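Enquirer: The structure under discussion is supplied below as structure tokens; questions concerning it will follow.
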Amino acid sequence: SAVISQKPSRDICQRGTSLTIQCQVDSQVTMMFWYRQQPGQSLTLIATANQGSEATYESGFVIDKFPISRPNLTFSTLTVSNMSPEDSSIYLCSPGQGGTQYFGPGTRLLVL
Amino acid sequence: GQSLEQPSEVTAVEGAIVQINCTYQTSGFYGLSWYQQHDGGAPTFLSYNALDGLEETGRFSSFLSRSDSYGYLLLQELQMKDSASYFCAVRDVVTGGGNKLTFGTGTQLKVEL
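Next comes the structure, spelled out in structure tokens:
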């Protein structure tokens, strides 16, 4: 399985600020998926990032709030913009290929 | 719409066998995955069923019936370390070949002495 790393692992941020989360994979992957897990909840897909094209966002998520970059096949970033306490969650990246799918270690975000 | 239903909580004793069910209604289906998540951790992949039947991986087995839109995860010889949340997830394939997962509501498993 691919080795996936995320930075930062956790952060505490003030409302109104933005945080960029990095995801690095040790092999080339076509698509990168970003998920959010709010406290006590299941995982929800935010968007799908394909290199060379705009990310595709799921219902309820917009590019202005969660801009994504995918500069190459091993790296992606997700920015959480103009944060509010409701954005406090675990954010997870996942290279989505094959019959098995693995997740990064996650970024635990607390917004005060 | 997409929906996957799981029991919210299951309690069992150490050494026992427990089954966590998952029923799904999704527009696309390529397979059913199971994930384990300990408090504070990320989800870890357990098993995947693309075809009907039972897949066994050590103490864990997973079953799928596509005609019934139903699957389950079977945990045998339960250990205290198995106390965690378990999620089923339906895999769909998007344009370009990548996976898209829709997750179930999650089941909190508590293993007691």
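These protein sequence lines are chains A and B, in that order. The numbering of the first sequence is the working numbering, which starts it at 1 and goes up by one. The numbering of the second sequence is the working numbering, which starts it at 113 and goes up by one. Beta carbons: idealized from backbone N, C-alpha and C, even for Gly. In this text, all values refer to a predicted model and were calculated from it rather than measured experimentally.
Taking just the CA atoms, how far does T219 of chain B sit from V111 of chain A?
Expert: 27 Å
Enquirer: Answer yes if the region 165–179 of chain B comes into contact with the region 54–69 of chain A, meaning at least three C-beta pairs across the two stretches below 8 Å, and no otherwise.
Expert: no
Enquirer: Taking the C-alpha atoms as reference points, what is the distance between Q6 of chain A and A124 of chain B?
Expert: 35 Å
Enquirer: Applying the 10 Å Cβ sphere with the 16-neighbour rule, what's the burial state of S159 of chain B?
Expert: buried
Enquirer: Of all the CB atoms in chain B, is at least one closer than 9 Å to the CB of S76 of chain A?
Expert: no
Enquirer: Counting pairs of beta carbons, one from the region 129–144 of chain B and one from the region 35–53 of chain A, are three or more of them closer than 8 Å?
Expert: no
Enquirer: Alpha carbon to alpha carbon, what distance is there between G104 of chain A and N211 of chain B?
Expert: C-alpha separation (whole angstroms): 15 Å.
Enquirer: Quick one: list the residues of chain B neighbouring F66 of chain A, beta-carbon separation under 7 Å, in chain order.
Expert: Under the 7 Å cutoff, chain B gives no residues; its nearest Cβ is about 16 Å from F66 of chain A.
Enquirer: Could you tell me whether any Cβ in chain B is nearer than 9 Å to the Cβ of G96 of chain A?
Expert: yes
Enquirer: Between which residues of its own chain and T77 of chain A is the CB-CB distance below 6 Å, once the five residues before and five after are set aside?
Expert: T20, Q22, S69
Enquirer: With 9 Å as the threshold, decide whether the Cβ of G104 of chain A is near any Cβ in chain B.
Expert: yes
Enquirer: Answer yes or no: does any C-beta atom of chain B fall closer than 9 Å to that of I63 of chain A?
Expert: no
Enquirer: Extract the residue ranges of the beta strand (DSSP E) inside the region 14–64 of chain A, only unbroken runs of 3 or more that lie entirely within it.
Expert: Counting only runs of 3+ residues, the beta strand (DSSP E) found wholly inside the region 14–64 of chain A occupies 19–25, 31–37, 43–50, in chain order.
Enquirer: Can at least three beta-carbon pairs, one atom from the region 186–197 of chain B and one from the region 113–132 of chain B, be found at a separation below 8 Å?
Expert: yes
Enquirer: Span of the beta strand (DSSP E) holding A2 of chain A?
Expert: Element bounds for A2 of chain A: n/a, residue is neither H nor E.
Enquirer: Measuring straight from C-alpha to C-alpha, what distance separates S177 of chain B and M83 of chain A?
Expert: 42 Å
Enquirer: Tell me whether P155 of chain B is buried or exposed, calling it buried when 16 or more other Cβ atoms sit within 10 Å of its Cβ.
Expert: buried
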